[in-house]
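Student: Residue numbers (the numbering used here): 50 to 333.
This is the structure I have questions about; it appears just below.
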Amino acid sequence: MSIVISGATGQLGRLVVAALLDRGVAPGQLVAGARDESRLAELAARGVRTVRFDYDDPASLSAALAEGDTLLLVSGSEVGRRVAQHQAVIDAAKAAGVARLAYTSVLDAAESALPVAPDHVATEQAIRASGIPFTLLRNGWYTENYAPALVQARAAGVVLSSAGDGRVASATRADYAAATAAALTGDGHEGAVYELSGDHAWDFDELAAAFATVLGRDVVYRRVSPEEHLKLLTEAGLDAGTAGFLVAVDGDIRAGALALTTGDLSRLAGRPSTPLVDALRPLA
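So this is what it looks like as structure tokens:
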């Protein structure tokens, strides 16, 4: 019986593999899957079994899974296609007799107004309907999502957002990976739904202050309306879809969609989530 990690070349998946190895899981007990198996050569050199795992190729999914395996389904990135992709993985897992399926969902999925939430809700429903024992890992925001804003702050000394007084309980991808590895290896996680987020929900004045600390320059938070934000983003060269998505996310932050703090992440990881300034330093 193995622990199978899908999306193992992705930013989260590769960190989950590393966290599992750090927890003492034998490399031979791990199966790292990716659409392009050649990108897993470094893991193969460490003794991790690697497989082609393409959400769009059911044959590759079936070949990668065996009875009794624990599978981590890292959510796909292709909005509009991933519900069908996830269903293909769920079907393959059921046919193979997978013992447990863990899925990286979104924070407070059932109640979330985030643009990405509907795909996650549909996937959670499909997992429950499959009858496979499951663990739902509802991930909040990654601190690394603010790397582009940090670059802009370095140049202009400004954090520009239409999030108002909204708060974000972010954590690093490594924090989420540590919690995920614990849920994949420990006992008592079957049927669990974990709301994973950072220990502290910061506001954008705090984000600007953290930027100032790591950059060594003054940085201020500039509040703008959603309309002005959309105009500025499109003038900066973003396409309408991306600009609209970013403004919508800020609106959801303004409404509290990413402020939830439950302590689930730090309890699973066995340590506090990475403080904002410490998380930003490697990005500076």
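Even glycine gets a Cβ: it sits at the ideal position worked out from N, Cα and C.
Hey, could you find the ends of the alpha helix (DSSP H) V298 is sitting in?
Tutor: Here the alpha helix (DSSP H) through V298 covers A289 to R303.
Student: Within the chosen definition, does the segment 111-123 reach the segment 147-167 through at least 3 CB pairs nearer than 8 Å?
Tutor: Output reads yes: the segment 147-167 touches the segment 111-123.
Student: At which residues does the beta strand (DSSP E) containing Y152 begin and terminate?
Tutor: Unbroken beta strand (DSSP E) run through Y152: R149 to V155.
Student: Tell me, please, which residues DSSP counts as bridged to A83.
Tutor: Its beta-bridge partners are R101.
Student: Nearest to A112 by CA position, among G125, R98, S124 and V123, is which residue?
Tutor: That would be R98, whose Cα lies nearest to the Cα of A112.
Student: Taking the Cβ atom as the reference point for each residue, do I139 and S109 lie within a distance shorter than 7 Å?
Tutor: No.
Student: Under 6 Å Cβ to Cβ from T311, same chain only, skipping five residues before and after it: list those, please.
Tutor: Cβ within range, chain order: E244.
Student: Going by C-alpha distance, which of R222, L325, L120 and R316 is nearest A258?
Tutor: Out of R222, L325, L120 and R316, L325 has the C-alpha closest to the C-alpha of A258.
Student: Using CA atoms only, rank isn't needed, just tell me which of A196, V208, S210 and V128 is closest to A171.
Tutor: Nearest C-alpha to A171: V128.
Student: I need the DSSP call for E244, collapsed to helix, strand or coil.
Tutor: DSSP places E244 in strand when its eight states are reduced to three.
Student: Go to Y270, then tell me how far its beta strand (DSSP E) extends in each direction, as first and last residue.
Tutor: Run containing Y270: V269 to R272, per the beta strand (DSSP E) assignment.
Student: For a test of the three-state rule: what should DSSP assign to R216, helix, strand or coil?
Tutor: In the structure shown, R216 sits in a strand (DSSP, three-state: E or B).
Student: Report the three-state DSSP secondary structure of D254 (helix, strand or coil).
Tutor: D254: helix per DSSP, three-state reduction.
Student: Assign I54 to one of three DSSP states: helix, strand, or coil.
Tutor: Correct three-state label for I54: strand.
Student: Starting from S322, follow the alpha helix (DSSP H) in both directions and report where the run begins and ends.
Tutor: That residue, S322, is in no alpha helix (DSSP H); it is neither H nor E in DSSP.
Student: Short of 6 Å in beta carbon distance, which residues of its chain neighbour I54, apart from the five on each side in sequence? Order them along the chain.
Tutor: Closer than 6 Å at Cβ, skipping near neighbours: G62, V65, V66, A81 and L121.
Student: Work out the CA separation of L89 and N194 for me, nearest whole Å.
Tutor: Distance between the alpha carbons of N194 and L89 is about 24 Å.
Student: Is the separation between the beta-carbon of A158 and that of A166 shorter than 7 Å?
Tutor: Yes, the pair counts as a contact, with Cβ atoms nearer than the cut-off.
Student: How many Å lie between H278 and Y270 at the Cα?
Tutor: So the two alpha carbons sit approximately 13 Å from each other.
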